[in-house]
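In this text, residue positions in the sequence shown follow this note's numbering: the first is 12, and each later residue adds one. Positions of the beta carbon are idealized from the N, C-alpha and C atoms, including for glycine.
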Amino acid sequence: MATSSRAALVTDFTQPLSIGTVEIPEPQGFEAVVKVRYSGVCHTDLHAAKGDWPVKPTPPFVPGHEGVGEVIAVGPEVTRVAVGDIVGNAWLWTACGECEFCEAGWETLCLAQKNGGYAVNGSFGDYMLVDSRYCPIIPDGVDLDAIAPIPCAGVTVYKGLKMADTKPGEWVLVSGIGGLGHVAVQYAVALGRRVVAIDIDDAKLALATKHGAELTVNAREFADPSARVKDLTSGGVHGALVTAVNAHAFPQALYSLRRGGTLCLNGLPPDSFPLDIFSVVLNGWTVRGSIVGTRRDMEEAIDFFARGLVRPTFTTRPIGDINDIFDEMLAGGIDGRIVLDLAR
Ligand code: NAD
Ligand code: ZN
Ligand code: ZN
Numbered sequence: 012m013a014t015s016s017r018a019a020l021v022t023d024f025t026q027p028l029s030i031g032t033v034e035i036p037e038p039q040g041f042e043a044v045v046k047v048r049y050s051g052v053c054h055t056d057l058h059a060a061k062g063d064w065p066v067k068p069t070p071p072f073v074p075g076h077e078g079v080g081e082v083i084a085v086g087p088e089v090t091r092v093a094v095g096d097i098v099g100n101a102w103l104w105t106a107c108g109e110c111e112f113c114e115a116g117w118e119t120l121c122l123a124q125k126n127g128g129y130a131v132n133g134s135f136g137d138y139m140l141v142d143s144r145y146c147p148i149i150p151d152g153v154d155l156d157a158i159a160p161i162p163c164a165g166v167t168v169y170k171g172l173k174m175a176d177t178k179p180g181e182w183v184l185v186s187g188i189g190g191l192g193h194v195a196v197q198y199a200v201a202l203g204r205r206v207v208a209i210d211i212d213d214a215k216l217a218l219a220t221k222h223g224a225e226l227t228v229n230a231r232e233f234a235d236p237s238a239r240v241k242d243l244t245s246g247g248v249h250g251a252l253v254t255a256v257n258a259h260a261f262p263q264a265l266y267s268l269r270r271g272g273t274l275c276l277n278g279l280p281p282d283s284f285p286l287d288i289f290s291v292v293l294n295g296w297t298v299r300g301s302i303v304g305t306r307r308d309m310e311e312a313i314d315f316f317a318r319g320l321v322r323p324t325f326t327t328r329p330i331g332d333i334n335d336i337f338d339e340m341l342a343g344g345i346d347g348r349i350v351l352d353l354a355r
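Below, the structure is given as structure tokens:
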């Protein structure tokens, strides 16, 4: 096995990524080494590369938490996967397994968790390390390029939709129809919800319609986009999932809610919005955050893909394009997801 390999590295939050080499670690304990075939590029990778958030990764590091590939070596304690299996990495790279949150099946809230492509080198490279107890296992026979976005975008919105707390037949607003949002529309439809999509770009809204949204609203075209959503849905949506990367989208989604509705926050722009206490109280609204999904959510989200109920819209690109891809992402110019093809 090679001892070093090609990877896209963040060396400085103010500089473009560089293509360099990193050591391929010997797998310890429950770890496995994976030859990466494809990796989705999530907006979180861009936030990581720019050091956008209060808790920052430490350069140099390799981003990427939507990788899929083949296990080529396993540590001495590994039982869940074997050499030759196809697995993914994920944002929830590992957790402690013992704290009050892990015990309760909320490992996504574990304070000792480590995150892929952030605290641990990720999938923007030819090889990656995974924790075999936490890595998603990819079923046989699926298209590896198409499934790559599911271990982050897919599981995040699948869980987010659960947390938005709607029933079949009810309206859910999906705000932001990017990598996460266009998959959210598909999960919502598969779960029997009626979807209103909101974005600031007609091309994104056309993608939402293609994936089953009944109604679309271009927030740039209405002085009060929430009023438009309320008109279209006879009183407002029952739940809203915000995946947008702009803080303006969050109050817009809040005011689109029906009385008793739930706003679930997935998007992570590094800003805030003021919460209108009076309206939240009088309308009985719930506002909550949702971070990726548990291992069980991951299995369920992958199963929807395997059964053909969701399929990301994606374009494959070589790893050498990573800085261009980030520029396109910042400009909002990506249709669905970009998936890196590590064979290129
Ligand atoms: P993306 O760049 O693919 O998509 C963002 C979308 O937001 C684009 O379609 C853009 O047009 C839209 N948008 C921008 N401004 C808007 C506005 N004012 N109103 C409505 N839409 C607007 O990004 P992505 O990969 O889908 O990630 C989205 C966000 O979700 C990022 O902040 C990312 O870090 C975060 N994220 C969170 C989790 C989680 O677990 N909570 C997981 C993955 C990603
Ligand atoms: Zn992600
Ligand atoms: Zn824990």
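{"Check": "Please list, in chain order, all residues of the same chain as residue 34 whose beta carbon is under 7 Å from its beta carbon, the five residues on each side excluded.", "Outcome": "14, 15"}
{"Check": "Taking three-plus beta-carbon pairs below 8 Å as touching, is the segment 147–155 in contact with the segment 283–299?", "Outcome": "no"}
{"Check": "List the endpoints of the continuous alpha helix (DSSP H) containing residue 167.", "Outcome": "166–174"}
{"Check": "Can you find a C-beta in chain C that's less than 8 Å from the C-beta of residue 226?", "Outcome": "In the structure shown, chain C cannot be found, because there is only a single protein chain."}
{"Check": "Taking 8 Å as the cut-off, decide whether the C-beta atoms of residue 234 and residue 208 are in contact.", "Outcome": "no"}
{"Check": "Mind checking whether the beta-carbon of residue 191 lies closer than 7 Å to any heavy atom of ligand 1?", "Outcome": "yes"}
{"Check": "Would you call residue 227 buried or exposed, if buried means 16 or more other Cβ atoms sit within 10 Å of its Cβ?", "Outcome": "buried"}
{"Check": "Tell me whether the segment 170–185 and the segment 243–259 touch, counting them as touching only if at least three CB pairs, one residue from each stretch, are closer than 8 Å.", "Outcome": "yes"}
{"Check": "When you measure from the CB of residue 108 to every non-hydrogen atom of ligand 3, does any distance come out below 7 Å?", "Outcome": "yes"}
{"Check": "Nearest to residue 244 by CA position, among 18, 132, 204, is which residue?", "Outcome": "204"}
{"Check": "Can residue 97 and residue 44 be called in contact, C-beta distance under 8 Å?", "Outcome": "no"}
{"Check": "Our contact map puts residue 124 next to residue 103 with C-beta atoms below 8 Å; I'd like the distance itself, whole angstroms only.", "Outcome": "6 Å"}
{"Check": "Return helix, strand or coil for residue 194, following the three-state DSSP convention.", "Outcome": "helix"}
{"Check": "Given that a residue counts as buried once 16 or more other Cβ atoms are within 10 Å of its Cβ, and exposed if not, what is residue 197?", "Outcome": "buried"}
{"Check": "Kindly indicate which residue of 319, 336, 28, 306 has the alpha-carbon position closest to the one of residue 166.", "Outcome": "306"}
{"Check": "Within this structure, are the beta carbons of residue 22 and residue 70 separated by less than 8 Å?", "Outcome": "yes"}
{"Check": "Look at the Cβ atom of residue 265, then the Cβ atom of residue 274, and state whether they are nearer than 8 Å.", "Outcome": "yes"}
{"Check": "At a cut-off of 7 Å, is residue 101 close to ligand 3 when judged by its beta-carbon and the heavy atoms of the ligand?", "Outcome": "no"}
{"Check": "Is residue 113 helix, strand or coil when you go by DSSP?", "Outcome": "helix"}
{"Check": "Here's a check: name, in chain order, each residue in its chain whose Cβ is nearer than 6 Å to the Cβ of residue 127, leaving out the five neighbours to either side.", "Outcome": "76, 100, 101, 102, 104, 133"}
{"Check": "Could you tell me the alpha carbon to alpha carbon distance between residue 48 and residue 292, rounded to whole angstroms?", "Outcome": "49 Å"}
{"Check": "Under the criterion of a Cβ to heavy atom distance below 7 Å, does residue 42 qualify as lining ligand 3?", "Outcome": "no"}
{"Check": "By DSSP, does residue 297 sit in helix, in strand, or in coil?", "Outcome": "strand"}
{"Check": "Please state whether DSSP places residue 183 in a helix, a strand or coil.", "Outcome": "strand"}
{"Check": "Quick check: what's the CA-CA separation for residue 94 versus residue 229?", "Outcome": "48 Å"}
{"Check": "Please return the same chain residues whose Cβ sits closer than 7 Å to the Cβ of residue 119, not counting the five positions on each side in sequence.", "Outcome": "103, 302, 303, 304, 305"}
{"Check": "In whole angstroms, what is the alpha-carbon distance linking residue 177 and residue 106?", "Outcome": "29 Å"}
{"Check": "Taking C-alpha atoms, which residue in 194, 259, 237 lies nearest to residue 222?", "Outcome": "194"}
{"Check": "Can you tell me whether residue 254 is helix, strand or coil according to DSSP?", "Outcome": "coil"}
{"Check": "Can you check DSSP and say which residues form a bridge with residue 210?", "Outcome": "229"}
{"Check": "Using alpha carbons as the reference points, say which of 36, 62, 30, 79 lies closest to residue 86.", "Outcome": "36"}
{"Check": "Cβ atoms of residue 28 and residue 333: under 8 Å apart, would you say?", "Outcome": "yes"}
{"Check": "DSSP beta-bridge partners for residue 46?", "Outcome": "81, 138"}
{"Check": "Can you name, in chain order, every residue of its own chain whose Cβ lies under 7 Å from the Cβ of residue 62, other than the five neighbours on each side?", "Outcome": "24"}
{"Check": "How would you write the range of the alpha helix (DSSP H) that residue 261 sits in, first residue to last?", "Outcome": "260–265"}
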